[in-house]
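Asks: Quick one: this structure, given as structure tokens, is what I'll be asking you about.
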Amino acid sequence: MIFEKKYQPTDVENRWYQQWLDWKCFRGDPAHEGEAYSIVIPPPNVTGVLTMGHVLNNTIQDILSRRARQEGKNVLWLPGTDHAGIATQTKVERHLRDQKLNKYDLGREKFLEHAQEWKEKHGGIILKQLRSLGASCDWERTTQTLDPHYSKAVLTAFVQLHKDGFIYRGRRMCNWCPSSLTALSDEEVIMKPQKSYLYTVRYEIVEEPGQYIQISTTRPETIMGDTAIAIHPEDERWPQLQGKHVRRPLNPAEIPIIADVVIEKDFGTGMLKVTPAHDKLDFEIGERHNLPVIDCFHPDGTLNPETAGEEFGGMDRFEARKATIKKLEEQGDLIKTEEHENNVGFSERADVPIEPRLSDQWFLKYPRIEEAKQAVRDEIIKFHPQRWVKTYLHWLDNIKDWCISRQLWWGHRIPVWYKKGATDREDPANIHVSLEGPDDPENWEQDEDVLDTWASSWLWPIATMGWPDKELMEKEGLDTYYPTSTLVTGPDIIFFWVARMIMAGLQFHNGRADGDLAPLSKDEIKASIPFKDVYFTGIIRDLKGRKMSKSLGNSPDPLDLIAEYGADGLRYGIMSIAPTGLDIRFDETRVETGRNFCTKLWNVSRFRQMSGESGDNSSLDKILSRIDPAQLDSDDHAILGQLASTQDKIAHGFADFQFNTIAQSLYAFIWNDLCDWYVETSKAKLHDPTKKETCLAIQDLCLRQALLLLHPLTPFITEELWYHLHFSKDWQGEPTKGSSIQYENPGDGEDLRAALAAKGIQINPAAQGQIENIRETVTLVRALKAQFNLANNNNVALYYEADAESAQIIESYKDKLLRIIGAKTLEPKQGDDTTPATVTPLGTLHLDPGSAIDKEAETARLTKELAKLDKIIAGTQGRLSNKAFLDKAPENVIQGAQQQLADLQKDREDTQKLLDALG
RNA sequence: GAGCCGUUAGCUCAGUUGGUUAGAGCGCUACCUUGACAUGGUAGAGGUCACAGGUUCGAAUCCUGUACGGCUCACCA
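At the far end of the first sequence sits residue 928, using this note's numbering, and the numbering has no gaps.
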């Protein structure tokens with residue numbers, strides 16, 4: 010392989026992704042002997058495109074999958090899409106409209122053909138895009154919720170639930186979307202505060218002509234549907250009104266005045282117009298008082314002339330609002346109009362106000378609610394971060410039956426048939442519920458509705474793995490991969506999907522015989538749940554804090570970012586900010602940082618390659634064998650210590666889903682510890698044949714472990730470098746699947762320490778402290794040089810004043826110091842010339858007396874330094890002279906403070922000496 | 001109306017069980033194309049940790065309250 014001077018992510022990424030596919034690396038094989046690790050993808054809409062949210066979500070899933078593969082686990086990451094009933098049908102209908110067609114022209118069958126074509130053409134793009142991101146999904150298992158097998162699972166679930174009494178049909182108030190022309194579940198309604206008007210309208214009392222009552226309403230266009238006026242029974246203001254009637258001012262009719270306790274006496278005039286057809290509360294009142302229901306609207310939100318009157322018939326509901334107000338005003342019935350803010354429910358998909366509407370729908374009474382609560386409350390399923398538990402439990406505590414029927418064609422048609430000509434559809438004799446349908450289909454007609462998309466995706470973890478078909482379940486390895494390991498998703502679908510999947514798992518995978526509804530034991534719950542951990546990602550926002558959306562146009566196209574920065578750069582960038590479970594403000598400079606990090610890794614690898622032939626790098630053991638323990642200096646010990654602690658941090662990071670910690674500790678290790686320091690100091694000793702081999706072996710060790718640890722985050726560049734640097738087992742031949750970085754376990758700090766110990770290497774724990782001191786010294790001297798404009802002058806002479814111990818360190822470290830500081834000589838100071846100097850952990854370092862000295866500036870600098878020291882010394886002394894501190898603080902804290910004080914006082918003394926010398 | 005979360009450098013964010021002088025990246029200033037890297041190096045400026053109380057020897061961190069921002073839930077017409 011050629012080691013390009015510049016890293017070109019696009020070529021490398023495309024090449025490796027194809028190679029991995031060819032090697033079938035992503036295939037989940039139930040026969041694999043490792044411990045199972047499985048993830049099912051949150052299925053995106055089949056016609057969707059990749060957004061930054063998907064990038065975040067799927068990068069995390071990929072990281073978890075890849076890490077598990079490295080650990081030798083039997084990994085399955087199962088991809089797929091859902092059919093997105095409303096969204097897709099809307100798109101297809103819009104497309105038809107462009108051709109001057111509508112779905113009724115086509116009929117159900119033709120329409121579905123169209124939709125199918127649409128899906129073939131536009132569908133699955135998102136899954137292809139995920140490949141550019143590096144997603145290691147088992148593509149052979151790609152599932153779509155309308156696949157024949159999956160559909161069978163959805164209908165089986167329906168039939169079983171129906172049999173067990175969880176599903177029923179009823180005429181109820183539901184959320185109606187006048188744009189999509191279907192019922193919606195409560196979860197699909199988004200409440201939005203709206204600036205509107207509160208109109209006060211007068212109604213004449215029938216029994217007292219000329220006398221009026223006043224009613225406030227926000228919806229005058231429903232007045233024609235009023236069938237009563239309600240007051241609170243204990244409202245003392247108008248006891249005389251109960252039992253009387255008023256005249257409806259629009260589409261006039263006499264309606265009764267009734268009393269009901271739900272009326273808020275303090276709102277508006279304290280009276281409510283009751284419109285049972287157009288409001289949930291009103292409907293309930295109507296039920297209690299046996300009021301007629303007058304629906305003034307057509308399903309599409311226009312007014313029905315038969316109920317609303319010819320005058321308003323055909324108008325759109327918003328137009329009708331204006332028209333009714335105008336009419337009321339003309340009649341003198343409009344008393345006043347006030348500005349008013351109220352919450353209005355909007356359809357999630359169509360973004361239009363929903364209408365409460367009475368209609369026949371199918372409802373699901375959720376099964377296994379108690380077990381679903383217990384599973385999360387008792388941490389059988391763990392939520393990360395935990396705080397979502399409360400939200401989840403609160404929803405389940407207040408759960409209402411789920412309206413699962415949709416008046417659409419694109420979806421799973423409800424497996425219910427009604428006897429032709431039968432008037433009573435409540436009569437069981439007239440209803441047939443089954444997968445196959447009735448034996449004499451000519452005598453039956455199937456229910457027209459389809460199921461809510463979520464009523465299919467709630468089966469995702471089991472239905473993608475063969476349920477309910479026994480043979481298929483075995484083939485797909487349901488027993489092996491279920492319960493899945495981790496679910497990675499956004500908290501916005503905790504009710505839509507997460508909670509429902511939990512209930513579905515508990516209901517359909519509990520091992521009980523059909524119809525056995527007795528509560529599940531804890532062990533049964535453990536075996537039934539669909540996943541063990543749920544990781545909730547944050548929601549990606551733009552820099553202004555707005556949710557990223559296509560309509561706002563504020564979401565960058567991930568593919569553009571990949572083209573510009575590489576998939577690795579994008580992945581790393583998003584991981585460095587993403588994972589706290591809070592909202593994320595997306596900042597493209599993070600992606601740039603990710604790209605730069607990859608470049609840095611590439612370049613340090615090139616440096617390694619240019620520094621000398623690699624020895625045998627084909628295993629950790631081989632590399633360690635090239636280290637001569639006798640040659641290890643404090644830099645070697647320090648970097649080994651840093652590597653071991655990095656390995657530990659990464660291991661903990663994975664255990665706790667702390668992806669930012671993982672990203673940041675690798676950044677710090679590679680950039681700050683390895684590149685900025687170890688590689689730089691290496692340059693001073695690589696020419697020494699006795700030290701070279703050990704030094705290169707240490708570099709190889711660091712790079713190898715860094716690549717392994719980094720691989721889940723940036724899979725492409727790490728695989729590329731793995732082969733470039735000959736870390737693979739078969740480095741002398743062609744790459745093979747078995748030698749890929751994907752199957753090499755990085756291990757943790759303990760593993761590394763043990764491997765080192767086996768070669769007689771004990772990391773000297775004091776080395777890191779020593780190197781810290783040296784690094785600090787270097788920084789101080791560089792700063793001193795910079796102050797005298799000598800930053801890039803390598804010919805300066807330096808002199809030191811140090812105690813015996815520090816002097817020895819300086820002498821033994823001299824070559825490296827000269828190189829790193831950029832100096833010609835470093836000798837013990839002779840005489841007492843006044844020179845620019847700085848106090849360091851290794852004593853006082855002086856610049857060449859020949860350097861021009863500005864007494865005034867030097868005095869100012871040292872005085873400032875002294876003041877700073879004095880301030881800290883005073884603080885430390887204060888603490889140490891506080892009896893309460895000495896009595897109560899732990900011993901190590903007190904000792905630390907004493908040590909600090911001693912060090913500071915020494916620094917102060919030395920600084921004072923320099924100042925005195927200046928005169 | 002209820003619940004949850006957030007407020008740390010100009011910007012985006014870290015900060016584990018309270019413990020030295022609060023960190024990173026980007027941006028900014030100055031210098032530098034030195035042999036892995038200008039997608040880079042070196043040095044630097046920049047923070048009353050939203051505010052007010054409290055607990056403690058010690059608070060960005062724990063408690064209470066306030067302000068602002070966000071999310072979720074809720075049938076006030």
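Each residue gets a CB set at the ideal place from its N, CA and C atoms; glycine is no exception.
1) Can you give me the start and stop residues for the beta strand (DSSP E) that A664 sits inside?
2) Give the DSSP bridge partners of C186, in chain order.
3) Can the beta-carbon of Q70 be found less than 9 Å from the beta-carbon of T495?
4) Could you work out which residue in E338, E364 and L641 is closest to F327 when comparing CA atoms only?
5) If we count the other Cβ atoms within 10 Å of its Cβ and call it buried at 16 or more, is L734 buried or exposed?
6) By Cβ distance below 8 Å, which residues in the same chain neighbour T227 in space, the five residues on each side in sequence not counted?
7) Shortest alpha-carbon distance to D863 belongs to which of T844, H855 and K880?
8) Exposed or buried, which one is H92 when buried takes at least 16 other CB atoms within 10 Å?
9) From which residue to which residue does the beta strand (DSSP E) around A764 run?
10) In this structure, how does DSSP classify W740 when only helix, strand and coil are distinguished?
11) Counting pairs of Cβ atoms below 8 Å between the region 112-121 and the region 71-82, do you hit three or more?
12) So which of G554, S620 and G179 has the shortest CA-CA distance to L591?
13) Pick helix, strand or coil for S623, following the three-state DSSP scheme.
14) Could you give the first and the last residue of the continuous alpha helix (DSSP H) run that contains A384?
15) Nearest to A672 by CA position, among A40, T99, K382 and L718, is which residue?
16) What does V49 pair with, by DSSP beta-bridge criteria?
17) Measure the alpha-carbon distance for I593 versus T60 and round it to whole angstroms.
18) Give the single residue among T68, D31, L30 and V55 whose Cα lies nearest to the Cα of T546.
19) Could you check if D644 is buried or exposed, using at least 16 other CB atoms within 10 Å of its CB as the buried criterion?
20) Kindly give me the distance between the Cβ atoms of V600 and L579, rounded to whole angstroms, as I take these residues to be in contact under 8 Å.
21) If you check the beta carbons only, do S368 and R150 fall under 9 Å apart?
22) Does the beta-carbon of R106 have 16 or more other beta-carbons within 10 angstroms, so that it is buried, or is it exposed?
23) Which whole-angstrom value describes the C-beta separation of R78 and D147, a residue pair presumed to lie in contact below a C-beta threshold of 8 Å?
24) Are the beta-carbon atoms of F540 and Y375 separated by less than 9 Å?
25) Would D739 be called buried (16 or more neighbouring beta carbons within 10 Å of its own) or exposed?
26) Note the first and the last residue of the continuous alpha helix (DSSP H) segment covering F517.
27) If distances are taken between C-alpha atoms only, which option among R415, V210 and S225 comes closest to S189?
28) What's the gap between the Cα of L487 and the Cα of R713?
29) What does R366 pair with, by DSSP beta-bridge criteria?
30) According to DSSP, is H720 helix, strand or coil?
31) Mapping DSSP to helix, strand and coil, what is Y491?
32) Just to confirm the assignment: which complete alpha helix (DSSP H) runs, minimum length 4, are found wholly within the region 531-591?
33) Have a look at K915 and T853 and give me their C-alpha separation to the nearest angstrom.
34) Assign Y16 to one of three DSSP states: helix, strand, or coil.
35) Does the Cβ-Cβ distance between H421 and A384 come in under 9 Å?
36) How is F372 classed by DSSP in three states: helix, strand or coil?
Replies: To lay it out plainly:
1) Unbroken run through A664 is the alpha helix (DSSP H), S643 to A664; no beta strand (DSSP E).
2) Answer is T191.
3) Q70 places its beta carbon less than 9 Å from that of T495.
4) Selected option, being the one with the closest Cα: E364.
5) Flag for L734 reads buried.
6) Counting only residues of its own chain and dropping the five nearest sequence neighbours on each side, T227 has a CB closer than 8 Å to the CB of S205, Y206, L207, Y208, H349 and N351.
7) Here the closest residue by C-alpha is T844.
8) H92 is buried by the Cβ-count criterion.
9) Per DSSP, A764 belongs to no beta strand (DSSP E); it is in the alpha helix (DSSP H), G758 to A767.
10) Secondary structure at W740: coil, using DSSP grouped into helix, strand and coil.
11) Taking 8 Å as the limit for Cβ pairs, the verdict is that the region 71-82 does not touch the region 112-121.
12) For the options G554, S620 and G179, the alpha carbon positioned closest to that of L591 is the one of G554.
13) In the three-state reduction of the DSSP assignment, S623 falls in the coil class.
14) Segment I378 to R386, the alpha helix (DSSP H) holding A384.
15) Shortest Cα-Cα distance from A672 to any of A40, T99, K382 and L718 involves L718.
16) Among the bridge pairs identified by DSSP, V49 is matched with L87.
17) Roughly 14 Å between the two C-alpha positions.
18) When T68, D31, L30 and V55 are compared, the shortest CA-CA separation from T546 is found for T68.
19) With 16 or more other Cβ atoms inside 10 Å of its own Cβ, D644 counts as buried.
20) That pair is a contact at about 5 Å.
21) Taking C-beta atoms as the reference points, S368 and R150 fail to come closer than 9 Å.
22) Exposed, by the Cβ-count rule.
23) Contact doesn't hold; Cβ gap of about 12 Å is too wide.
24) No, the Cβ-Cβ distance between F540 and Y375 is not below 9 Å.
25) The residue is exposed, with fewer than 16 neighbouring Cβ atoms inside 10 Å.
26) That run of the alpha helix (DSSP H) goes R509 to F517.
27) For S189, the closest C-alpha among the options R415, V210 and S225 is that of R415.
28) The straight-line gap from Cα to Cα measures roughly 36 Å.
29) Under the DSSP definition of a beta bridge, R366 partners with C183.
30) Coil at H720, not helix or strand.
31) The DSSP-derived three-state label of Y491 is coil.
32) Segments of the alpha helix (DSSP H) lying fully in the region 531-591: 531-537, 567-574 and 576-586.
33) Each residue's CA atom was taken as its position, placing K915 and T853 some 11 Å apart.
34) In this structure, Y16 counts as coil in the three-state DSSP scheme.
35) The answer is no: Cβ separation not under 9 Å.
36) Three-state result, F372: strand.
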